[in-house]
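A quick write-up on the structure given underneath.
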Amino acid sequence: MKKIVEVEAMENYRLRLTFQDGLVATVDLSDLVGKGVFELWNDYGQFREVSIGPSGELVWGQEVDLCADALYLRATGKQPEDIFPALKKDRAHA
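Position 21, counted from 1, in the sequence shown is what numbering that gives the first Met the number 0 calls 20; the numbers after and before it change by one each time, with no gaps.
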């Protein structure tokens, strides 16, 4: 499980994230703005109020939270199987 240890809100709905394993990445969340619970971010000031929750996730008050694992995947372009080896399925050989 990945954890975020530092977050900085940047312009255009981007976040600079530092993960516990040392990865530093910028993640663009502009595609989420205005959709469902992310309507909160229509007020850009609300987006800038991001903080780190007790499990290393990102939170915006009590309205919105984002899983650190999902953000890690977005930041790296990796697939879930890449960071959770137990998800890999054994391939049958014919």
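Virtual Cβ for every residue (Gly too), placed ideally from N, Cα, C.
Option nearest residue i by Cα separation, candidates the options
i: S50; options: V36, G21, E38 and L16; result: L16
i: A67; options: M9, A24, N11 and Y12; result: A24
i: V4; options: S54, L72 and W59; result: S54
Residue i (DSSP reduced to helix, strand or coil)
i: S5; result: For clarity, residue 5 is Glu in the given sequence; the question names Ser instead. The answer is strand: DSSP assigns E5 an E or B state.
i: L70; result: helix
i: D20; result: coil
i: L86; result: helix
Whole-angstrom distance between residue j and residue i, CA atom to CA atom
i: L28; j: E38; result: 13 Å
i: L31; j: K2; result: 21 Å
i: L86; j: G52; result: 26 Å
i: M9; j: Y71; result: 17 Å
i: M0; j: N41; result: 30 Å
i: L14; j: L65; result: 12 Å
Extract the residue ranges of the alpha helix (DSSP H) inside the region 31-59, only unbroken runs of 4 or more that lie entirely within it. Uninterrupted alpha helix (DSSP H) stretches at least 4 residues long and entirely within the region 31-59 occur at 43-46, given in chain order.
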